[in-house]
Every structure is written in structure tokens, then in C-alpha cells.
Amino acid sequence: MEEYIKTGSKAMKNVFWIFIIAFALLFIHNKPKGFDMIYFILAFPILIYIVYYLHVRLFPLGEIQFVILTSFLTEMGLIMIYRVAPELLIKQIIWIGIGFALYFITSYFLKHYEILYNLKYGEYLYLLITFLLIASTLVFGKEIAGAKNWLTFDGIYVQPAEVAKVIYIIFLAKYLSSKKDVNSIGIIGVIAIAIAGIFALEKDLGMAFLFYVTTVLMVFVVTSNLLYTAIGFGALVVGGIISYFLFWHVRVRIEAWLNPWMDVPGKTYQIVQSLFAIAAGGFFGTGLGMGHPEYIPVVASDFIFSAICEEFGILGAIAIILVYFVIMYRGIKVALNAKDEFGSLVAVGLISMFSLQVFTIIGGVIKFIPLTGVTLPFVSYGGSSMVMSFVTLGMLNGIAVGEEQEDVQFKAQY
Amino acid sequence: MSNLKRNIKILFGVFAVLFFSLIGYLTYFQLYERDKLITSSYSVYNRRLIEQEKKILRGSILDRNGIVLAKSVMEADGTQKRVYLDGPAFAQVIGYSRRIYQQGNAGIEKTYDRELLGMVGNDPMVLLRKLILAKGQIGDNVYLTIDKTLQDLAYREMEGRKGAVVAINPKTGEILAMVSTPSYDPNTLGENWEKIMRSPEHVVLNRATQGLYPPGSVFKIITTAAVLTHKPELYSQTFDCKGYVVVDGNKISDFGGIAHGKEDFQRAFYVSCNSFFIQVGLDLGSENLQKMAYAFGLNQRIPLETDTARNYFPAIEGRVALAETSIGQGKMLVTPLTMALATSAVANEGVIMKPYLMRYVVDPISGTVIEKSAPTQYLAPITKDVADTIKQLMMGVVNNPEGTGRAAQISGITVAGKTGTAENPHGEPHAWFVAFAPAEDPQVVVSVIVENGSEGGRVAAPIARDIIKAYLGK
């Protein structure tokens, strides 16, 4: 335990120094505009230290890695955002602060996650909320960058789908932990297709993919039934083919993936600029401040990974992927150690959705798979995504802490 | 519950595979796709290259002896200015760069753009070394095969005329001179873009490679090659020229209606008798003639580093078309470069070398040669024996008292040549002359066309003579 805390604080020191050095370098080339920005930038290392010590105090048996790794990811995000869109930096730091706060709150709440299970007619409520959130943008939504997946309140843009992700996972866990018969699975299939359909109408293909595939994976985990899994993925392929012919925006994405050179000034501009950035970075990167990631459109949100590739090289990028890998590993651990099936399923659902999202956006910007616009958790600019990513890990931490409290014996989970 | 745990572990495996496949793909991308991407033609959309280029002093273009033809100078405000030191003479060959005139790209500036920016080398080590060694970065220098002295001479000779001159080393395919007139001053391209691009005289067109003309009597070289290759018995026939022939009711006259009287093949070639060659062509047949024209590349686009027009040689249909084609009239259209190459087959024992303009690309910092052109064979339309026979005929054109190309004679050097006077719908006939010298060991092939210049022997031959003399005089 002592050993573990020592390693943890050592890691935090590295996170701290990376931040200080990176911003010192950035300030030489690109002077901060106004004292506000400097205050906020200085607040970040203080924030993560407070979070770290609070976490050690409040959840001695919690998932401290989540704090260390998210500190690293968010700081990488801040560094790149300062490079490509400094005007967004203060907002992003505020979102990170709110995110950490929500992390603690959900951690506390989820220690008693049975409440979520025991709620009467809970599954219907969760499902209803999910549909309301997802459909809300169809009715009231605002179209940004081609996708109608935003709600605006007084100038604050919210992506309800980010919130729906968590609620939907709770629904799935509750539903699947009690009902595993063919009919119930069929109903789940219909629900998943309906959700994917709504997202497709909103042109939010990334979310459609995430919700659908997470559902299939959870069904597999619960039923161990390979036939369901095969049908699930088969339907995904069929749906993909149908929407290829049905929806223009699906066709564009797939064609841009197959042949990014067909229309470089137009339809494939984003992906090609992303590839140029990655190529410019090579293995070792151009060095911080030496590249031109600002040439990529929407670089601060969807394409931030390409910006990291350019300036930190793919060695830096691989480090980021490995950080996500460790988060995924810890999430799986939480799922394995949960005290009941419901907790286990919530954890596995959350970490699946999270990992799939990471894979979808990184795979998309490097042209490994067709590009769909989702954010890179903790790194991309964006409030909804940032806050809900923290909520996701907060829930996992809560489940982990809850399970530990049940245990009289200390589990050597480290 | 145990199944659940097993399945969660499987899920972990799935995500592990997904994450590591991302790492694998990124590595693959950097190892195999990266260079392709950076060097591809799509890199015009890569603004990084444009940014980088602004910092790199664009390389110079030099003639084969190292005389600077185009260079860039850094202005006080950090922008670059391209200076063309021998502007009009080289305007079409050197062309212009999109990086200087956003509107377009042409010539050597276009083809060797990446070299001039010092970005060649899929070899990252070369780039790295450049980054380290060069304080202000400098692009690579491109050395042309062209000889500036010869080019200037050709340009002076052509000034005030419309047309083109090409001089080639028949043994290597190196282009020694390539002039197109009327020309323009590339130094004023910035201010006069519209005027130059829309000039009614098409000054930006490189007439040597993109101008299409009927070859006229110069084509008799190819008719002769077809006779010697496919029907050698026709070579020994004699003919009585009345100054015209009638083919299927169409009267085709000799130039000026001159009746050459009794003649054999040699004399018919020296005096360029149309009646004789029409008769020979009719006996030879369209298939044989067409086959030989194709062998000389008359239906092809000549490969070169800068743009070339595709030669046009339609299928010969009917006796009238065959008669016209035998003497280089009719529908076919060729570039002056094509006829220079056809001549080089005669000069080079039947082999046409692939023409090229870039001699080598040198990194000015280290002096390392980055790229170098090597002579390669392009076509081999005729045998050495056929080539030798035609060479004798072409020597007669210049040296026989009756030859049409006597104006190309040079004392002490045996010149071989062929005149052409190409009828065309745009007024006076085009004056052609192709030649090579010394006949014993050909060092240079010259092809000259003067648009609407009338007689090739009178107008074009002296230009070729002066160029040969200047080249061999050294």
C-alpha cells in the first residue's frame, strides 16, 4: 500500500513536470493573452494535486490510476488546445474542474449502486430518459458541423447523447441482469436498432455505432451466446450497407475511407489533412510548437489525436493509446471484482462504451476505419464529453469502492 | 457468474486487440504510407509544404555547363523573387511555378518542383542532414542537358519568326537546345499574366514539343525506311517525273510544278520529288507505311519531362490519302521534337534514344548528386543497314549539286539532312529542315521548323547549319 502511494505520487510528479515544461515552451513562442489565462493554466496543476490527495484520503481503496491517467490525458489535451485554439483553453480547464467534482460525486453515489438496481420500474425509467435525451436533439437540436446532436441553452452547447450513454448502460445492466430469455434479447435488439436509427437520422454515426456495438457486447457478456453476437454484428453489417445506399453522409464517410484522394479539396479534406499531419510527425514528431496541426479542420475536438501525432510523433501517440489501454484494463478489473452481476454489468458496459469510443475516433482519424465524429475522451475539447467521461470513471470508481467496503479482507488489487 | 467473468475477460482480449491494432496501423503508416503520402502529387493540398517552401530558397536551374538560367533571391521582406537570367530563350522549357505565380505550373519548374525545393529523396536522412547543415534552407539545383550558347544562338536565329528548333545528341537523347518562338519574358509574368497567357500567338506554348505540324517532305525519311524494310525491290526502280501525278482523278503537283525528268531513288530523294514518292508509296501500300510511321512513334506522345502533344497519325484510307501521306501531307500531325527523334534514328544506327532535359540534380550544400538521368533506348524502328542507306541519301540532300538542302553545307563537316515544305491551311507552307552531323560520327541532330516560312531548304536549312556549326565548332 505504501509502495503503491509512492509510485502514484511519482507518476503525479511526472504529470506535473510535463505540464510545466510544455507550457513554458509554449509561452516562448506564443505568449498567453491576458492574466486570466495564466491564472487558469497555473490552476490546473494545483487542481490535479488537490484531486490526487483527496482521492487518496477519501477512497484509499479506490481506483487512483483513474486520477493519474486522466490528469495526464487532460493535460495533453490542454497542451494541444493551447497550440491550436488557445481561446478555448480557459473553458476546457473549467470543464475539467467540473469533471473532477462530478467524478467525486458519482463515486460517492455509486458506492451504493444497489439503489439504481432496486428502483421500482427502474429499467423503464432509464429507457425513457435515454430516448428522451436522444430524441431531444431531433426536435430541438442544432446542427453543428453536419450533425444534429447539440442542444443549446443560453449559449452553452450540450450533447444529450453523452448523458444518454451512461443512463442507457444502467438500463442495459438492470434489464439484462434479470431477463436473459430469447424474447427479452429480441426486445433489446429492437431497442438498439431504434437508437442507432435515431442517431443515423441526426447524422451522428459515431454515437449510433457506439450504442449499438456496446449493446451487442453486453448481450454477449450476459448470455455467452455466440449466435446472438453473430446476429448482432451481422445486422450491423446489413444496416451499414443499407444506410450506405440510403444516407448520403454514410456514403461520403465510407468512400472517403476507401479512397481519400477522390475529392481532396472537398469531401475528403479533413481526413487527408489529418493524414498529412500524422505523416509530418513521423515517429518522433516535429516537436511541440514546430508543426502545423492548425491546418486540420476541427482539430481541437475530433482531430486532436492527429495534432498529437504531428507534434509528439506516433511514439507520443502510442503512449496515449497505452494510457487508454490501462484505463480499459482497470475498468475490466472493476467489472470482474464487482460484488454482484448488476455492478459487474454496469462496469463492463461503461468501460466498453469508453474503449469503443477511443477506438472509433483514433481509428477514424488515422484512416484505420471509416471516420465518425466522436470525441477523444479527456483530450478533445468539449464540455459534455469531458464531464461525462469523468462521470463514467467516477461510476467505475464507485463500484470499485463499493465492492471493497463489502470485503472484510484487503484485496491486493494493485 | 463464472461465465460472466470469463466473458468479461474475453472482452478485455477484444479491446486489447483493438488498441494494439491501432498501434500496429500507426507504425505501418509511418513505415510504408508516409513517404508515399509526402511525395504524392496530392501534396499540393499539404499546406505544410507550402509553408516549408516559403522558408526554402528555391534551387537554381542551370545549363549543362553550370551557367545559371533561373535563380531565386530572398527579398528584404522574406519573400522570394524568381529571376530568369536568359528569359525569352528558355521561357517555354523552364516554364513557371505555381509557388511563384499561383495561377499555374509549367515546364521544368513544374516537373522538378520537389527537387528545386530540396525535398527529394524518399531518403529521410538526406532531409535530416539538410535540416541540420543548412542554416537558411536551400533547394537543390537542376542542371539541364541544354547548352546555353546553342540555345541563345537558336533563339537569335528564330527571333522574328514563328517556329521551333530542337537539337539532340542522338547517342544519348540529351536535348541540347529547344527553342520556341515567339517567346515572352518570364520575369514579367507576374504583372502580365493575363496578357501572356491569352496571347494570340500562344507564346507559352512550347512549339518544339506541343506544336503539331504536317511534316511535309521530311516524312520521306520514313517512307524510305518503309521501302527499305518492307519492299526493298522498290529502291531500285526508276521513274519519269512530269511535275505532277494523278491519283484517282486528283492531280498532285511537285513543289513549283517542276518536272524532274528521269530519276532513280537517290536523285528523287535529293530533289525531294513528290511524284516519285507518291508512286513509291502507292506501290508500298498503306499497311507498310503505317507500320513504319508507328515504329517511329508518329502515333505516340513522346515521353519527356515537360508536356508534349500526342502526335496524330490516322489510319490511311484510300489511295489519295496514301499518296498524300507518302510525301508527308494529308492528315498526320507531328511535333518538331518527333522529327528530330526520327532523324536521330538515322544518325544513331536505327535506335532512338529517349529524350531528356534534366542532366542531374545536385545538392548545393554538399555537392552530392541527388538524381541523374541515364540514357535509355526509346524506339528502334530500323536496322543499322537501313539507317546507313538513308544516311547516304540525306548526305546527298546537302552535298549533291541538285540537293534541296545545299544551304546547310559546312566546309570541313559532312552534314546530312532533309528539307520539308509543308502545305497547310494557314497560308504559306511551313519550312522544315532536319539534319545531323558529322555524318561519319553524328554528334548532333537538329530539327527546325519555321511556320509559314515557305521553302525548307532556303529558310530552315541555314538555321540548322548555324547551330551545327556552333555546336561542332567547339
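Chains as they are written, first to last, in our numbering: chain R, 382 to 795; chain V, 2 to 475. From the three backbone atoms N, C-alpha and C, an ideal C-beta is built for every residue, glycine too.
Nearest neighbour of residue i, chosen from the options [CA to CA]
i: residue 392/R; options: 449/R, 408/R and 407/R; result: 449/R
i: residue 771/R; options: 708/R, 678/R and 687/R; result: 708/R
i: residue 178/V; options: 145/V, 195/V and 160/V; result: 145/V
i: residue 45/V; options: 704/R, 657/R and 474/R; result: 657/R
i: residue 247/V; options: 259/V, 320/V and 226/V; result: 320/V
i: residue 749/R; options: 677/R, 621/R, 653/R and 417/R; result: 653/R
i: residue 420/V; options: 403/V, 191/V, 437/V and 458/V; result: 458/V
i: residue 201/V; options: 363/V, 182/V, 425/V and 192/V; result: 182/V
i: residue 766/R; options: 511/R, 464/R, 741/R and 542/R; result: 542/R
i: residue 425/R; options: 479/R, 390/R, 465/R and 442/R; result: 479/R
i: residue 403/R; options: 619/R, 459/R and 729/R; result: 459/R
i: residue 691/R; options: 669/R, 438/R and 595/R; result: 669/R
i: residue 37/V; options: 660/R, 559/R and 417/R; result: 660/R
i: residue 251/V; options: 272/V, 212/V, 323/V and 187/V; result: 323/V
i: residue 380/V; options: 253/V, 303/V, 157/V and 402/V; result: 303/V
i: residue 735/R; options: 19/V, 206/V and 409/V; result: 19/V
Where residue i sits in the DSSP three-state scheme
i: residue 136/V; result: Since pLDDT at residue 136/V reaches only 49, below the 50 mark, its modelled position is unreliable, and the value read off the structure follows with that caveat. Coil at residue 136/V, not helix or strand.
i: residue 242/V; result: strand
i: residue 793/R; result: Since pLDDT at residue 793/R reaches only 43, below the 50 mark, its modelled position is unreliable, and the value read off the structure follows with that caveat. If DSSP states are grouped into helix, strand and coil, residue 793/R belongs with coil.
i: residue 714/R; result: helix
i: residue 123/V; result: The predicted model places residue 123/V with a pLDDT of 45, which falls under 50 and marks its position as unreliable; any figure quoted below should be read in that light. Residue state, collapsed to three classes: coil.
i: residue 275/V; result: helix
i: residue 779/R; result: helix
i: residue 289/V; result: helix
i: residue 756/R; result: coil
i: residue 185/V; result: coil
i: residue 113/V; result: coil
i: residue 417/V; result: strand
i: residue 636/R; result: helix
i: residue 625/R; result: helix
i: residue 320/V; result: helix
i: residue 583/R; result: coil
i: residue 99/V; result: coil
i: residue 611/R; result: helix
Extent of the continuous alpha helix (DSSP H) run through residue i
i: residue 166/V; result: From DSSP, residue 166/V is part of no alpha helix (DSSP H) but of the beta strand (DSSP E) over 164 to 169.
i: residue 158/V; result: 149 to 159
i: residue 547/R; result: 541 to 559
i: residue 645/R; result: Segment: none, residue 645/R is in no alpha helix (DSSP H) and carries neither H nor E.
i: residue 417/R; result: 416 to 439
i: residue 451/R; result: 445 to 465
i: residue 722/R; result: 722 to 746
Beta-carbon spacing of residue i, residue j below 9 Å
i: residue 617/R; j: residue 597/R; result: yes
i: residue 343/V; j: residue 210/V; result: no
i: residue 174/V; j: residue 356/V; result: yes
i: residue 449/V; j: residue 437/V; result: no
i: residue 444/R; j: residue 726/R; result: no
i: residue 227/V; j: residue 285/V; result: yes
i: residue 166/V; j: residue 447/V; result: yes
i: residue 30/V; j: residue 747/R; result: yes
i: residue 154/V; j: residue 471/V; result: yes
i: residue 797/R; j: residue 27/V; result: Only positions 382 to 795 of chain R appear in this structure, which leaves residue 797/R out of reach.
i: residue 39/V; j: residue 91/V; result: no
i: residue 576/R; j: residue 515/R; result: yes
i: residue 387/V; j: residue 230/V; result: yes
i: residue 278/V; j: residue 261/V; result: no
Residue span of the beta strand (DSSP E) that contains residue i, given as start and end
i: residue 182/V; result: 176 to 182
i: residue 379/V; result: 378 to 380
i: residue 433/V; result: 428 to 438
i: residue 445/V; result: 445 to 451
i: residue 143/V; result: 142 to 145
task = Counting only runs of 3+ residues fully inside the region 9 to 84 of chain V, write out the beta strand (DSSP E) ranges in chain order.
result = For the region 9 to 84 of chain V, the continuous beta strand (DSSP E) assignments of 3+ residues that do not extend past its boundaries occur at 69 to 75, in sequence order.
task = Within the region 190 to 273 of chain V, note down every full beta strand (DSSP E) run reaching 3 residues or more, in order along the chain.
result = 240 to 242, 245 to 248, 251 to 254 and 262 to 264
request  = Write down every uninterrupted run of the alpha helix (DSSP H) in the region 476 to 510 of chain R whose length is 4 residues or greater and which is fully enclosed by it, in chain order.
outcome  = List check, alpha helix (DSSP H) in window: 495 to 499.
request  = May I have a chain-ordered list of the beta strand (DSSP E) segments no shorter than 3 residues that lie completely inside the region 328 to 390 of chain V?
outcome  = 359 to 363, 370 to 373 and 378 to 380
inquiry  = Going residue by residue through the region 644 to 687 of chain R, where are the continuous alpha helix (DSSP H) segments of at least 4 residues, counting only ones entirely within it?
reply    = For the region 644 to 687 of chain R, whole alpha helix (DSSP H) runs of length 4 or above, ordered along the chain, are 650 to 662.
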